[in-house]
DNA sequence: TGTCAACTGTCAGCAGCTGACACTAGCGTG
DNA sequence: CACGCTAGTGTCAGCTGCTGACAGTTGACA
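Protein chains in written order, with the UniProt record's numbering: chain A, 1 to 237; chain B, 1 to 237.
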């Protein structure tokens, strides 16, 4: 799943292949349109199939599940991020590399997606995912799979063994956790819907990452006595 | 959902209430047993219901979904964590408070759960969740809901406004991300199954959190020239 | 042009889940 | 103690997501 999708982007040769691509894009666009207008749960697979004048069975030949179709564009974005991360120069600090990769991915996103669906529709879809439990679940799982991939990339960059050195996993988990949090907050009603707003929010949150863990409220442990409140055996105390 | 469950623990008065509680526990135990022996997908709701000699309809009166029943014990653990976090002294550093809360929750877990199901079964269930896509999805979403709650607690502790100060959200996201990563790694085949192993792994990962973001591989930016590789306009450059 | 393979539609069926309705069995009251 | 109330349950009927099997159609390629 999610491997040989190449949703648009490439322009396949044969008439057959083009037709296939077109059907796929049509299904995705129709699904997104229906999902965002009348809701995910309220939309049946039959409706989507009917909108493209295709049988339900055919829908399931293109998408493994009803959920799957909602992530067509999300996959593109994730793919972009991973690709951009791979392109970051070797000497760059890993955390910074991730930040830059996100920024670049977003910058490129517009043109990447435009062929499949208008950006505005994609943004609506993003919000819908965040606010639909069933979709959010799937999105989080997909995210955790992507995390694994990122861990691999980071570990390779730094020439570290994932099993013996926890840092790649930990760093990626922290950064991804924060990015996801940014996405969720952005998706809440009342927030600006634009891509820029999401990008800005993510930047703000990532800026706050290190200070949040090492900053004042960590250093402020028992400021008067200088004695730590807690015992030293942090573990299972 | 997940509010008025009080799975065991309290011993309700009436015969009626006790019967209800018993049915619920039975369903959960039976489900866990079936899930862990023959797999989640391969187990039908009918089987679970039959095992307790109850109709399928009744099963759905106790659990909102097939997924739901798998998280009965997980809910207990999460509840423990939140409760312990609330009990942490006010002056304690928030990140440390979270660590301590996790440790305490695990220590108490044994006795908390024992009434519902043997610890060993619970651990098998935990692993099953991590390795079953559909369940992992749900687990992650539940986790993200718990994150919200934790953010609220932390913000209250530190007298911070969640909307204006990103630190509570960011810190929680980072810590939770790392804890989740620990859980996933622990769930991978080949790892020790014991609670202690999970606790130890989590500790290791949390220990690595700050160093991973601020440590050598972050400080090692262009050591020779002292010049930073990246431009200063981190954002959307 | 004809053969092959890819793609699609139809049909039948399972599993998760829900609403409606009738029935049984604890619970509180007179 | 008898009685009514209602929480809890079973049964049935039905929708939706999803899959396997088989047959028909259409592009690709010799």
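Glycine included, C-beta positions come from ideal geometry on N, C-alpha and C. Bear in mind the structure is a predicted one, so any value in this text is a computation, not a measurement.
Using a CB distance cut-off of 8 Å, residue 127/A does not count as an interface residue toward chain B. If you keep only unbroken beta strand (DSSP E) runs of at least 3 residues inside the stretch 96 to 182 of chain A, you get nothing at all. Excluding its 5 nearest sequence neighbours in each direction, residue 81/B has C-beta neighbours in its own chain below 7 Å: 101, 102 and 105, listed in chain order. Non-local beta-carbon contacts of residue 90/B in its own chain, meaning distances under 6 Å to residues more than five positions away in sequence, are absent. For the C-beta of residue 204/B, the chain A residues within less than 8 Å are, from N- to C-terminus, 166.
Of the candidates 149/B, 29/B, 98/B and 16/B, 29/B places its Cα closest to the Cα of residue 117/B.
Where residue 24/B is concerned, the enclosing alpha helix (DSSP H) starts and stops at 15 to 38. Inclusion of residue 200/B and residue 95/B in the CB contact set at 8 Å is not warranted, their separation being larger than that value. Scanning chain A for C-beta atoms nearer than 9 Å to the C-beta of residue 85/B yields nothing, as the closest lies near 14 Å away. Look at residue 174/A: its C-beta is under 8 Å from a C-beta on chain B. Residue environment for residue 19/B: exposed (fewer than 16 other C-beta atoms within 10 angstroms of its C-beta).
Excluding sequence positions up to five before and after residue 49/B, its CB lies within less than 8 Å of the CB of 27, 55, 56, 58 and 59, all in the same chain and listed in chain order.
Membership of residue 86/A in the alpha helix (DSSP H) is indicated by the continuous run 72 to 87.
Inter-segment contact for the stretch 187 to 203 of chain A and the stretch 147 to 160 of chain A is absent: fewer than three beta-carbon pairs are separated by less than 8 Å. Note that the stretch 68 to 88 of chain B touches the stretch 138 to 149 of chain B; at least 3 beta-carbon pairs, one per stretch, sit closer than 8 Å. Within chain B, the residues placing a beta-carbon under 8 Å from that of residue 210/A are 213 and 214, ordered along the chain. For the stretch 177 to 192 of chain B, the residues whose beta carbon sits under 8 Å from a beta carbon of chain A are, in order, 177, 178, 180, 181, 184 and 185. In this structure, the beta-carbon distance from residue 74/A to residue 31/A does not fall below 8 Å.
The DSSP-derived three-state label of residue 190/A is coil. CA-to-CA, the gap between residue 217/A and residue 99/B works out to about 15 Å. Note on geometry: alpha-carbon atoms of residue 173/B and residue 205/A lie some 10 Å from one another.
DSSP places residue 55/B in the coil class of the three-state scheme, outside both helix and strand. Within the stretch 128 to 147 of chain B, contact with chain A at the beta-carbon level (separation under 7 Å) is assigned to 133, 136, 137, 138, 140, 141 and 144. Separation of residue 164/A and residue 43/A (C-alpha to C-alpha, rounded to the nearest whole angstrom) is 47 Å. A Cβ-Cβ contact shorter than 8 Å links residue 130/B with residue 184/B. Contact of residue 158/B with chain A by beta-carbon distance below 8 Å involves 217. For residue 61/B, the nearest beta carbon of chain A is not closer than 8 Å to its own beta carbon.
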